[in-house]
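Below: one structure, written as structure tokens.
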Amino acid sequence: MAQSPLQSDDLTPVRFADLAGWAKDDHQAALAAFLRFCGPDARAVDSKDLFRLNQEKKQILCAAAHEATDARIFFENHFEPFQIRQNGFVTGYFEPEVSASREKTGRFSVPLLQKPDGLVHVPEKEQPKGWPKHLSHGRLFEGTLNEMPDRAAIMDGALVDEALELVWLNPIDAYFIHVQGSARLKLTDGSTMRVGYAGKTGHPYSGIAKLLVQRGEGTPEDFTMSGLRHWLEENPDKRDALFKENRSYIFFREVTETGPDLGPIGAASLPLVPGRSLAIDDSSLPYGMPVFVSAGFEDPDAPDLSFQRLMLADDTGSAIKGHGRGDVFIGSGEAAGRIAGEIRHKAVFTVLVPKSAAASLKGRAD
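Below is the structure:
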């Protein structure tokens, strides 16, 4: 079931002066990330959410952002901070860089699939009678809406006749790319390819590390990203059955519209920014909303400090559910993966709401 949008009852008004770490943040870097939403490529902000900016108000805010000579003053003058009351939890994610093949081989035996024709989002309010409430997507064929097969069925060949194979990978690499949502691929023919999220079956996500902990295979600390990969490598006979328990399945596309020096394209149709891009539950928070994240892990750029940064909600993920849930984009490659895999921490999320929308909201939240 989809999370309802953030409401005034979910928030507590706070002051910028009370945000630990706010004054020490690199506000200029946060402003640069914010300015991406002032360009033509950003996915439109839904008017039902807290942002509530019509085109005129957005243009005024963006003009002020472009003209700002002091980034911190810009945010403090144009936004009001509200702390999300729900207990927060943050993880990390990254863009893998792995080897792959355009053809199936013994080493590269599992495909990333392209989005099939007719795949559509099915909002809860528009679900037909008898439609599973947890199922967010379906397939429209000749006017009839059908359920998509889940991961187990797809692994067993449910879509094999549709020639959807985009590229082939090692089974473990393929699964982790499903979790991360994007990757840079080094192909056996010497070329490179970037792949990104294109759609999903809509079945609920289940974390396989959590399943292993529940079965006594180890502790949460044992199953960081590297720990989970090690277990999968050591248990090839149990691997596929475990994968199938996560019914969620992701489809991919080749990404050609972003340069090699930029991050992967997120759900807001913009390149992600390491350390400034935050994946959120997009049924709860709008894309483009600044979120100050305070969490108990070391800042990758300042290991002696806790992570306290202003970020931008510009991506989402199947595992990110609820107002107080976030996923920090760390970057691309193996080093970023090591850092991302260790992040599983409690967090406090403070959303920055434009003052044009915050006035009435603040009165209701007090």
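For the sequence shown, numbering that gives the first Met the number 0 assigns the number 0 to the initial residue and increments by one for each residue that follows. Glycine included, each C-beta is placed from N, C-alpha and C at the ideal position. Computed from a predicted model, the values in this text were never measured in an experiment.
By how many angstroms is the C-alpha of Ser317 removed from the C-alpha of Thr255?
So the two alpha carbons sit approximately 24 Å from each other.
Return the chain-ordered ranges of every beta strand (DSSP E) run that is complete within the stretch 79 to 112 and spans a minimum of 3 residues.
87 to 94, 96 to 99, 109 to 112
Taking DSSP as the reference, what is the three-state secondary structure of Ser247?
coil
Top-ranked residue by Cα proximity to His136, from Glu146, Pro127, Glu233, Glu232:
Checked all of Glu146, Pro127, Glu233, Glu232; the closest Cα to His136 is Glu146.
Going by C-alpha to C-alpha distance, which of Arg228, Glu96, Thr200, Ala19 sits closest to Ser181?
Glu96
What ranges does the beta strand (DSSP E) occupy inside the stretch 118 to 186, keeping only unbroken runs of at least 3 residues that lie completely in it?
118 to 120, 136 to 140, 143 to 145, 164 to 168, 181 to 186
Does the separation of the CB atoms of Ile279 and Phe93 fall below 8 Å?
For the 8 Å CB-CB criterion, Ile279 and Phe93 do not form a contact.
Tell me whether Met288 sits in a helix, a strand or coil according to DSSP, three-state version.
coil
With Arg150 and Asn245 assumed to form a contact (beta carbons below 8 Å), what rounded beta-carbon distance in angstroms separates them?
6 Å
Where Ser46 and Leu284 are concerned, what is the direct C-alpha to C-alpha distance, given to the nearest angstrom?
Its pLDDT being 41, under 50, Ser46 is placed unreliably in this model, and the value from its coordinates should be taken loosely. Linking Ser46 to Leu284 through their CA atoms gives a straight-line distance of about 12 Å.
How big is the Cα-Cα spacing for Val44 and Gly105?
Residue confidence is low: Val44 scores 49 on pLDDT, short of 50, so the model does not pin down where it sits. Its coordinate-derived value is still stated next. Roughly 45 Å separates the two Cα atoms.
Among Thr315, Gly323, Thr187, nearest to Glu381 - alpha-carbon criterion
In this structure the chain extends from 0 to 365, so residue 381 is not present and cannot be described.
For Val121, the nearest candidate out of Gly189, Thr200, Glu161, Ala64 (CA to CA)
Thr200
Hey, Leu311 and Ala99 are a contact pair by Cβ (cut 8 Å); roughly how many whole angstroms apart?
Wrong, their Cβ atoms sit about 30 Å apart, outside the cutoff.
Integer Cβ distance of Pro115 from Phe291, believed to fall under 8 Å
Going by Cβ atoms, the distance from Pro115 to Phe291 rounds to 40 Å, so no, they are not a contact pair.
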